[in-house]
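The structure under discussion appears below in the form of structure tokens.
Residue numbers (this note's numbering): 67 to 159.
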């Protein structure tokens with residue numbers, strides 16, 4: 067099974083807006099949301115079941131599109147979309 071990790075830090079003043087936004091985006095989505103316990107406002111989305119094509123599509127939506135549902139998030143990320151890190155992993159054993 068493949069996993070995709072999306073990691074970024076949210077500006078502290080945007081935290082409440084971010085949490086509301088992610089709740090609306092999470093309805094019916096295939097990801098779980100985690101926050102660093104020793105690094106407040108550092109978030110990781112864990113997506114399951116995305117093949118390589120799904121990963122590339124997600125990455126394109128998140129990093130290269132100026133419009134669309136995820137574009138609002140870029141204004142909440144410390145440093146903007148350039149500070150959103152996305153990795154695709156496949157199970158080794």
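Where is the CB? At the ideal position from N, CA and C, for every residue including glycine.
### Message
Please state whether the Cβ-Cβ distance between residue 69 and residue 113 is less than 9 angstroms.
### Response
Numbered from 1 along the chain shown, position 3 holds the residue referred to as residue 69. Numbered from 1 along the chain shown, position 47 holds the residue referred to as residue 113. Cβ distance < 9 angstroms, so residue 69 and residue 113 count as in contact.
### Task
Tell me, please, which residues DSSP counts as bridged to residue 68.
Position 2 of the chain shown, counting from 1, holds the residue named residue 68. 156.
### Message
Helix, strand or coil, according to DSSP, for residue 132 in the structure here?
### Response
Locating residue 132 in the chain shown gives position 66, counting from the first residue. The answer is coil: DSSP assigns residue 132 none of H, G, I, E or B.
### Collapsed DSSP secondary structure at residue 90 in the structure displayed
By one-based count along the chain shown, residue 90 stands at place 24. DSSP places residue 90 in helix when its eight states are reduced to three.
### Query
Rounded to a whole number of angstroms, what is the C-alpha to C-alpha distance between residue 102 and residue 129?
Locating residue 102 in the chain shown gives position 36, where the first residue counts as 1. Locating residue 129 in the chain shown gives position 63, where the first residue counts as 1. Distance between the alpha carbons of residue 102 and residue 129: 22 angstroms.
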